[in-house]
Every structure is written in structure tokens, then in C-alpha cells.
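> The structure is given below, and queries will be raised subsequently.
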Amino acid sequence: MTKVLTNSGLQLVLALLVAPLVSGVINTLKARLQTRRGPSVLQPCHDIFKLLRKGMVIPETASWIFSAAPYIVFGTATLVALMIPMTTTHAPLSLFGGVLAVVYLLALGRFFLALGGLDTGSSFGGLGSSREMTISAIAEPAMMLAIFTVALGANSTNLSEMASAAVSQSWRFLAPSQMLAFAALFIVLITETGRIPVDNPATHLELTMIHEAMVLEYSGPYLALIEWGSAVKQLVLMTLLVNTFFPYGLSADWSAQAVAVGVVYYFAKILLLACLIVLVETTNAKLRLFRVPELLMVAFILGALALISTFLF
Amino acid sequence: MGVVVWPSSSSSLLRDLIKLPPLCAIFALSLAAYVAGAFGSLASWRRPVLARYLCCVAGLVGAILGGFAAVLGMIRGTAAAWSIPSGIPLFAYSFSYDALTGFFSMALAVLVGAVSVYSFSYLKEFEGKRNIAFFGFLYHLLLLSLTVVFTAANAFLFLVAWEVMALAAYGLVTFYYEDRETRRAGLLYVIMAHIDAGCLLLGFALLINASGSAEFATFRPIVAHLSGAQQTAAFVLFFLGFGIKAGIIPFHIWLPAAHPVAPSNISALLSGIVIKTGIYGMARIFLDLLGGVPSWAGLLVLIIGVISAVLGVLYALMEHDLKRLLAYHSIENIGIILMGLGAALIFRVAGHPQLAGVALIAAMFHTLNHAIFKCLLFLGAGSVLHSTGTRNMEELGGLIRPMPITAFCFLIGAVAISGLPPLNGFVSEWLTYQSLLAGYRATGGLTRILFPLAGSMLALTGALAAACFVKAFAITFLALPRGALSRHAHEAPRTMLIGMGWLTLACVSLGLGATWFLASFNVMTEQLLGQRVGASLITNSRLVLSAGTPRGGTVSTAVIAIGLFVLLVPSILLVSIGTKRFGRKQTPVWDCGLPGLSEENEYTATAFSKPLRMIFSVLYKPRREIQAVFDVSPYFPKEIHFQSQIEPTFEKRLYEPLREFIFRFSRRMRTIQAGSIHAYLAYIFVVLVLLLLFGVHK
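In order, the protein sequence lines correspond to chains F and W.
Using my numbering, the letters of the first sequence correspond one by one to residues 1 to 313.
Using my numbering, the letters of the second sequence correspond one by one to residues 1001 to 1698.
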């Protein structure tokens, strides 16, 4: 019991600190690739701290749902971060929620954020909520198919078991099914984190924005909670991707040395994945909203192919 | 099996009543409460207030007694059966009370309790306007027939109860008979109800023919002697019969027509429990009496489940009539239940009783959960309708301020039906996922691919349901009121809130306490599948739910709920830093420089579902018409009319041609029914001769 609590505390601190950094790294790398200097890597952290020390402006039309949504977004994202193996194969709360709980908890956060977007009565909020719920619904089957492919290989939906199974066959990612599932999940990652070509996190243009439209009326500490929660969610999805397919450096115990090695490997893997995201973001243009389903259909077919190839090979 | 056969002489009835086992006595008392309610309210038809009291109090008493009997039946290891001969061949008042019966009776009791309390205030507006006595009569007749449907152990008793249920439901659906829409919906309902009753009659005739008796107990041994064709025919007939009642696609068209037009407390019962009689029938016939169906049949149930789930939620998304939207979600959830049931049937034949048990528990738990949250949502919609007088979401909005408690209850129902943790819908969907994943390991051949694919479609369903309930809750309860109707809304009366609160509590406690509840499925799986499965799902001192396989998936809704509460602490601390120094300021919403934001700027339900209408345009075939009225230039229109509709594919492509065919056929038949009495006498004579010849020949 105490071990679970201390491990949870450690992983919570790690996730909360690393998550904004990852966003910062992606922004800086993207700027460098576009031959700009770009903001500092710490900029998202500065933003969050600045927002936390500001006052709040609440729309008159909003009800308690508007105020509850940031807490739920932040709570679900951080809770999910404790269910996912980061530096060792044992996630602190892995027993209490596997990959299905992760997906559905993130959906709970999204549900309330979409309600918060609609609560203000502004059309931007409704627009963002509508698009966010639509795109995430279309992304869901692709995500589940890819996850099922991995889960069937590991014979468990428990993330620690999945990570252990991956560790025991560390070259498994070369199997066609795993590669296809990785590709499908990567597209879902781009979609769920609202990056180009699905959504542009840097814009506030009403015709294109999705996530930003939903949170348009939030300010101050509430906005900080949402931004921080979204960063943690992004980190969780990236971790899911790197640790289930490339389990290098994951050890089975919580000894100081193992954790240190795990942390170094973990940072390296996340950095590589961030580079991949940056490459995709820089080399693609944002898709029209109604082209996004086609992209997600590709992900779904990749997932289905992944599943069929587990069956064949 | 303890069988009590009552002697037909009524002199010893009292003595027998005293000797009855408690389960039987409580059950009989609950039936008596419903009978008393039915005739009591009918007798007091001149005094509507008394009729209302009688109707609600008798309903509540019957529900409490029925609930006691259900709990006794669920925990009792063996089935209790008792029978009263009727004197008519093949027909007897036979009842049997096993765990499956107990489970469905419990769902019934939970719902009837809530609805009866709710109706106490809800029926008040009928006083002086409508016939409460007749309403109470039909209401109790429906409850009585439902109770008998779940307990009958004789095919004819079952069919009679089934028919009474359909007719009572028809009377209640057409309670607002002045509306043309209501009458049409009622007609459609009664036609479909009779098609399903016809299928069941044929199905039972097949079994009775083979066994020579109409008692359910005599069906079990004869299954082995049925030929392949007979088994196929029995499966198809029962699946059609129960499937139409459950509202599976493509036989669903009556459901979104009939459920919304009934009074809301009745809609809640219809969607909550009446369609579940179809699920009960499938479980009773396929798993218990037939002892399993061929694996293709299980696969068919699974596939129909997937289709119903996905199409049901897609049609729900396009609705902006709050009650029709909920009715379409019933089709979706029946689909999810059938996914579990189909998996259970497949595993049963493949020889995996443990997996079949998990799948059956998933299906049954979702049945109960859906009964509870759908009843809750319909009661919530009923409160909205009661307070504003409209079901059209485009005229609602902002109701969270005048109706905070209704809004909270509806929100809990919406989260639960979207399958989001930590509420009860999540637990049963999680179990469904686990049994589908297990199906991939447990079966061979190419069909195993279907299981994870079905799982991904379940994911799509869940995510679309979440989108739909964001729409339903937000457009109805949040932001600004969209019309005068919702501006003058008021909170529902207290007993209506108590009815909804009870179901809200049930949603939360079945979600957080799922591990405590699921152990009660032990007896049911033992009776139906020969293995106690419920307890194997629970590990780590009743805190963690597992998939029943070693090292498989685990989840704990209780820990998730605690975790969310604990993580609330840091976020509240973080927020308080900022608000302590600068406080919260309430300002108008940014209006893009327009003179103030009004309800006309708000997103509507139609707008919310527009992206999905575009994406799934293959299915919807949407049409829209825009007319602009202008004086000088089209760039400065005075008013714009917008009309958008989707094509009701099943109605247009399947039922329209069918109706045409039936009408054409009937017109042909008219020639032999010319109204001449001589011709009719001749027909009777010819038929008589043919029958005699047939009898002699045999």
C-alpha cells in the first residue's frame, strides 16, 4: 500500500514535470526545422505558471459545469499517467485500470471539456466541442484495433503485463503486425493531441481550430489546468506508444539504479518520438476538416491489417 | 427442484398458502398488489385523486415485494417451481423462479419503484383532464404481465402474458390518442408486437409438438432429438420474435416511433424493461431450454448486435427530439447486450463455460445498467417535458439553472450511458470488451477476426454515444434558453426528483460497487452454464474486477473514483493560488463585437451533429433546403429558411415496399371477399370438407 502510494507520487511528479517540457521540446524543434529561433524549451512551463498566478474571467452564461470541467480534465489525465508504465514495467496503479480504463478516462475528460465548451453559449465553444467529439469518435475504432493487436499478443489489457510481454520479446516490433499497429496508433496520437495535419495547436482561426475553440473562454488557473492536463495526456499517449512497442530500458523493479537507467532510456525514446512528430508537423499542411476522416480511415485499415497479420504470422 | 402442485379444490387454498415457501408467498403477494392496483384504480374512476394514490402506492408496494422475491430467487441455489392446473389441455399456471428470473425481476422492481414514486407528481397534471383510473389499470396490467413473463414456466401462460403486455403497452403508448402521430405509432407498435407474438407462437408450437407438453421443464430433454432443420427453425423463430420485441435492426422501426409518444413515465418503463423481455426470452430459450444454439447462430446474434449498436447510435445523433434520441439509444444498447449474449452463445457451444459465463455476465449486467440509466434519462426527459412542454431540443437550453437537480441526475445518466468510468455503464462495457478479446483466443478459424473487429465497433459506438450525450445534455441544459418555453421552466416536484434520485444512486453504486454486486451472478451462471463464474471476476479483497483469466485485464472503478478525488486536491490548491490574489470575475462572453450575445448565436443540436452528418452521408443521405427572402440584394436577406432532413433508410427501402406489397395483395384478396353470404357459406363448406379429408387421411 505505502509502496503504491510512494511510487504513484514519484510518477505523478515525473509526469507533471516532463509533460510541459515535451510540448516545449516539440515547439522548439519545430521552430528550428523552420529556421526560426523559436521559444525556449521551458516556455510551456512559464505559460502554466503565469496562468496559475492570474485572475479568472468566467462568462456570465456559464454554469458549474464550466468550472468542473478543468478539474476533471486535469484529474483524469494525471490519473491515467499513473496507470501507464513509464520508466519501469510496473505502473503504480496498473492493477486498477488497464488500457481500456486509460482510453475511457481520457474520454471522460473530453466529455466534460466538450460540455464546458458548449456551456458558455458562444458559438466557438460549440464548434470546437462538435468537432472534437466527432473526430475523437472516428479515431476510437482505429485506436482500439491497434491496441487490441498489442493486447492479444500480450494476452492482457493490463499495461504492465503488456510492457512485460514486450520486454520479453524485445525485437517483436519488427513483426509486421506490430509495425502496422504502431503506424495506426501514431496517426491516432497525432489526432488525439491535436497536431498538424489534423488540428493546428498554434492557431486561433475560427475556421480551422478544434481544441483551441473549445477552451476559448477559459482563462487563468482553469486554463492552466486544461493546458497542463492536455500536456500530460499527450505525454501519456506518447508513452503508450514508445513503451509498448519499444520497451528498451524498462526493468521490472523499482531499485534506484533500474529507475535511473529507465529514466534515461525513457527520455531518449520520448525525444525520438517528439522528433518524429515534429517532422510530420513540418512537412504536412493542415487537412480540411472533412479530409480528416479519410486519414483516420487509413489508421483504421492499418489497425485491421495489423490484426489480420497477427492471425497470419 | 422443489415443485409445489396445488390441488384444484379451493377449500384447501388457505392451508396451502400458509405452507408456501417464503419466495412463493412474497411473489404471490406482489402479484396481488398489482392486481389490486389495477382494479382498485379502475374502480375509483370517478375520483382521480384516489386513483392516483392507489396506482402509485400499489405500484410501490408491488415493487418492494417483487424486489424481495427477486433477491431471494437470485441467491437461492435451486429453482423454485410451483404449478396450478387450469383444466385446459396444455395450459397450466406454472411458475418457476430461478436466478435468471430473479435477476430480471430485480431490474423490474428497481424501475417500478422509481417510476411509481415519480408518477405520484407526474400524474397530477392528468387530474381532471385525463382518465387516471384507466391509466392506472393499464399500468398495473403491464406490471403484472411483465412479472408473469419473467416467471412463467408454461409456454401458453408465457404467450398470454406476452400478449397482455403488448396490449397494455399499446394502451399506454396511445394514451395521448388525440395526436395523429401517436395513433400511427401505436398502430405500428401493435402490428410489430403481433408479428413477434406470431413468431413465438410458431416457435413454441415446434417445441410443444416435439415434447407433447407446454411445460418449459419438458423442453430441456427433447432438444437432443430435434433435427438440424428443426433447431434452425426454432432459433430463427425465437430470434425474430424476441428480436422484434428488443428492437434489433432491421426490426426497430416501431421503437423510435412508439416510445417517445407515450407518457414519459411509461417511456421509461418501455425502454427500461419492456424491451428487455426480448433479452430475457433469448437467454431463457437459447441458453436454458435449448441448452445452446449452433455456432453460426451465436455469430449471427453477435453481428446483429454490432449492426444495431452502430446504426442505433448513428441515428440517435441525428435526432433533436429528446425522447426519440433516447429511444434510438435503446436500440444501440440492445446491440451492446447482444454482443455479449452472442459471445456467450458461441463460447457455450465451443466448450468454454468460464468465458461464456463472463460474456453472459457482461450482457446481463449491461441489461440491468441500461434499464437503470435509460429509465433515469427518460424520467429526466419527462421532467423537462413536464416543465417546458416540449421535446424539441432546439427550443430548450439553460435548464441547469431552473432545474439543477434534474440536470444533475440527467448528467449522471448521460455519463453512465456513454460508458465512462467510474459509473456502471463502463463496467459492463469493459466486461463486454474482455469477453470479445477472449473470443479471439477461444475460437478457431477466420471468424475469430470478427471478435476484435466487433470490439472496435463497440469503441466507435461508445465514442459516438459520448458525442450524442454531450449534445443531448449541453443543448438541453446548458448555455442560454433558446425559447420562451425554456425561459419559464421550473424544477420538477419532489417525488419526481426522488424517483430520479433513486436511479441516480443506483447508477453510482452499481458503478463503484460493481465487484460487490457481480458475485451475485454466481448462481445464474451455475444454473445456465454449470459453472460459478461471478466470484472468479473479483480479486484483491473485492476491490478489483478481473477478466476472469489469469493475468488478463483488471480494473477497479472504486480506486478510479478515489484517485480522481485525491487528484482533485492538488488542482484545487493550484486554482486557489490565482483566485486568492485576483478572484473570479464574471463578464459577458466574447461576442465578436456584436451587440451582445443572444441565444441566436448559440450552437444548435443540428449544428452540433453536422460534421457527423457529412461524414456518414452515405448512410443518412441528407437533404437540405435553404430559402432566403430578400428585398434588394441576396446579400442582405430579410429572413432565411433552413430545412434539413435525413433519409429514413429502413422505412423507405424496406418497409415501404413491404407495405406496398401487402396492400396490393390485399386488393387482390378483395375479389374473394365480395360480401356475399352465399359465397362465405360455400368457403366454410369447402374448408370443412378439406379438413375432414385431411383428418381421415391422417
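In this text, a Cβ means the ideal position worked out from N, Cα and C, and glycines have one as well.
What residues in the segment 252 to 282 of chain F have a beta carbon less than 8 Å from any beta carbon of chain W?
For the segment 252 to 282 of chain F, which is checked against every Cβ of chain W, not one residue is closer than 8 Å.
> What residues of chain W sit near F:A166, judged by a beta carbon separation below 8 Å?
Here the premise fails: no neighbours, minimum Cβ distance about 14 Å.
> Go ahead and label W:M1669 buried or exposed: buried means 16 or more other beta carbons lie within 10 angstroms of its beta carbon, across all protein chains shown.
By the 10 Å Cβ count, W:M1669 comes out exposed.
> Between the segment 1354 to 1363 of chain W and the segment 1451 to 1470 of chain W, are three or more C-beta pairs nearer than 8 Å?
Cβ pair count under 8 Å is below three, so no.
> Please classify W:Y1603: does DSSP put it in a helix, a strand, or coil?
Here W:Y1603 sits in coil by DSSP.
> Beta-carbon of W:Q1586 versus every beta-carbon of chain F: anything under 8 Å?
W:Q1586 counts as touching chain F.
> Can you check which of these residues, F:L250, F:Q178 and F:V103, is closest to F:V80 by C-alpha distance?
Closest by alpha carbon: F:V103.
> By Cβ distance below 8 Å, which residues in the same chain neighbour W:V1349 in space, the five residues on each side in sequence not counted?
Cβ neighbours of W:V1349 beyond the five flanking positions: G1292, V1293, P1294, S1295 and G1298.
> DSSP beta-bridge partners for W:F1630?
Note: W:F1630 sits in a beta bridge opposite W:P1637.
> How about W:L1141: is its C-beta nearer than 8 Å to some C-beta of chain F?
Chain F contact via Cβ: absent.
> How about W:S1030 and W:G1059: are their beta carbons less than 8 Å apart?
Not a contact, by the Cβ cut-off of 8 Å.
> Out of curiosity, what's the CA-to-CA distance linking W:R1623 and W:P1402?
Computed Cα separation, rounded: 36 Å.
> Who are the neighbours of F:Y104 on chain W, taking C-beta pairs under 7 Å?
Chain W residues near F:Y104: G1419, L1420, P1421 and F1426.
> Mapping the DSSP letters down to three states, classify W:S1010 as helix, strand or coil.
Note that W:S1010 scores 47 on pLDDT, short of 50, meaning its location in the model is unreliable and no value can be drawn from it.
> Please report how far the alpha carbon of W:A1682 lies from the alpha carbon of W:G1198, in whole angstroms.
In a straight line, the C-alpha of W:A1682 is about 28 Å away from that of W:G1198.
> Taking 8 Å as the CB-CB cut-off, is W:F1373 touching chain F?
Output row for W:F1373: interface = no.
> Anything in chain W within Cβ reach of F:D119, meaning under 8 Å, just list it in chain order.
What F:D119 touches in chain W: A1474, L1478 and A1479.
> Between which two residues does the beta strand (DSSP E) carrying W:P1085 extend?
First-last of the beta strand (DSSP E) with W:P1085: A1080 to P1085.
> Please identify the residue among W:V1629, W:S1609, W:L1510 and W:F1630 whose C-alpha is closest to the C-alpha of W:Y1620.
Taking only the C-alpha atoms, the option nearest W:Y1620 is W:S1609.
> Return the chain-ordered list of same chain residues with a C-beta closer than 8 Å to the C-beta of W:V1035, the five sequence neighbours on each side being excluded.
H1140 and L1144.
> What is the rounded straight-line gap between the Cα of F:T87 and the Cα of F:T157?
Spanning the two alpha carbons is a distance of roughly 19 Å.
> From the beta carbon of W:M1457, is the nearest beta carbon of chain A less than 8 Å away?
This model lacks chain A altogether; the protein chains it does include are F and W.
> F:K54 touches chain W at which residues, Cβ-Cβ below 9 Å?
Those are G1578, R1581 and F1582, listed as they occur along chain W.
> For the alpha helix (DSSP H) that contains F:S170, what are its first and last residues?
Careful: F:S170 lies outside any alpha helix (DSSP H) and carries neither H nor E.
> For W:T1495, which option in W:L1360, W:I1405 and W:L1201 has the closest C-alpha, if you only look at C-alpha atoms?
Taking only the C-alpha atoms, the option nearest W:T1495 is W:I1405.
> My understanding is that F:A101 touches W:P1421, with C-beta atoms under 8 Å, so please give their C-beta distance in whole angstroms.
Right, the Cβ-Cβ distance comes to about 6 Å (below 8 Å), so this counts as a contact.
> Is W:T1388 near W:S1267, with beta carbons less than 8 Å apart?
No. Outside cutoff.
> Could you work out which residues of chain F lie near W:F1608, taking near to mean beta carbons separated by less than 7 Å?
Going along chain F in sequence order, the residues near W:F1608 (Cβ under 7 Å) are G126 and S130.
> Please work out which residues of its chain come closer than 6 Å, Cβ to Cβ, to F:L16, disregarding the five sequence neighbours upstream and downstream, and give them in chain order.
Nothing listed; no residue qualifies.
> Counting only Cβ pairs nearer than 7 Å, list the residues of chain W close to F:T61.
Here the neighbours are A1479, L1480 and V1589.
> Please state if the CB of W:F1477 and the CB of W:I1400 are separated by a distance shorter than 8 Å.
It is a contact, given that the beta carbons lie within the stated cut-off.
> From which residue to which residue does the alpha helix (DSSP H) around W:S1119 run?
It spans A1099 to Y1122 - the alpha helix (DSSP H) in which W:S1119 sits, taken as one unbroken run.
> Chain F partners of W:S1571, CB-CB under 7 Å?
Y71, F74, G75 and L225, listed in chain order.
> Could you check whether the segment 1334 to 1353 of chain W touches the segment 1091 to 1099 of chain W, counting it as contact only if at least three pairs of C-beta atoms, one from each stretch, sit closer than 8 Å?
Judged by Cβ distances under 8 Å, the segment 1334 to 1353 of chain W makes no contact with the segment 1091 to 1099 of chain W, as fewer than three pairs qualify.
> Mapping DSSP to helix, strand and coil, what is W:I1273?
Note: W:I1273 maps to helix in three-state DSSP.
> Is the beta carbon of W:F1104 less than 8 Å from the beta carbon of W:A1155?
It is not a contact, given that the beta carbons lie outside the stated cut-off.
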